[in-house]
Ligand code: GAR
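In this note's numbering, the protein residues as written are 20 to 222.
Okay, structure coming up:
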């Protein structure tokens, strides 16, 4: 029996359906070894903030537009320290974090990417652009990847992946939804449970 739960912060930028999947997984018991203590958004209009508030989770906005990258990352780091965070989850967080930031949290930051890395990933591949690129290329299978975050965008060690078939009439929006439903919302909560468990079991 583990003594405590890993303290998790989720960083978001938009709708927050992955955050919702994490909240639901906590409630259903898929996530047992971690607890989301804080949600940080880089913009005040992120709907994810409302999802967090509804679930009784503390929220903070760190407005990227109004500050330098150095100030942005320092503000996030101070919040992570204030909340004693063990694990940082990027769930639809559309900002690239510098090596100075990621090097401080080796194998303590995870990200969900809406493709099978190493396809359609790296700088410039985010949100619907990823699905547009998969359709333009003509691949028949895509999916999602959860990986540790290091200084290379989408370049850290892969934790899990799940494949999703592309259908003949897919648009980027239809494909995005299918990849979320069939892959992201499943593998991200599972990975949070695994990594949280490993963090506290290693203490
Ligand atoms: C998700 O598909 C996520 O994988 C992707 O943005 C979407 C956010 O949706 N993230 C990236 O592209 C990061 N490179 P959500 O706000 O509803 O979770």
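Cβ coordinates follow ideal geometry from the N, Cα and C atoms, glycine included. Since the structure is predicted, the reported quantities are computational estimates derived from the model, not experimental observations.
- Between ligand 1 and residue 131, a heavy atom-to-CB distance of less than 7 Å is present.
- The Cβ-Cβ distance between residue 108 and residue 27 falls below 8 Å.
- Counted as a single uninterrupted DSSP element, the beta strand (DSSP E) harbouring residue 78 occupies residues 77-80.
- For residue 162, the uninterrupted beta strand (DSSP E) segment begins and ends at 160-167.
- Within a 10 Å sphere around the beta-carbon of residue 46 sit fewer than 16 other beta-carbons, which makes this residue exposed.
- Around the beta carbon of residue 171, fewer than 16 other beta carbons lie within 10 angstroms, which makes this residue exposed.
- Between the alpha carbons of residue 176 and residue 164 lies a gap of roughly 10 Å.
- In the assembly as shown, residue 144 is a buried residue. Its beta-carbon has 16 or more other beta-carbons within 10 Å.
- The alpha carbon of residue 23 has as its nearest neighbour, out of 148, 195, 48 and 53, the alpha carbon of 53.
- Contact fails between the stretch 128-142 and the stretch 85-105, because fewer than three Cβ pairs, one in each stretch, are under 8 Å apart.
- Residue pairing by DSSP puts residue 184 in a beta bridge opposite 160.
- In the DSSP assignment, residue 68 falls within the alpha helix (DSSP H) that extends over 67-73.
- Residue side-chain check: residue 169 keeps its Cβ at 7 Å or more from all non-hydrogen atoms of ligand 1.
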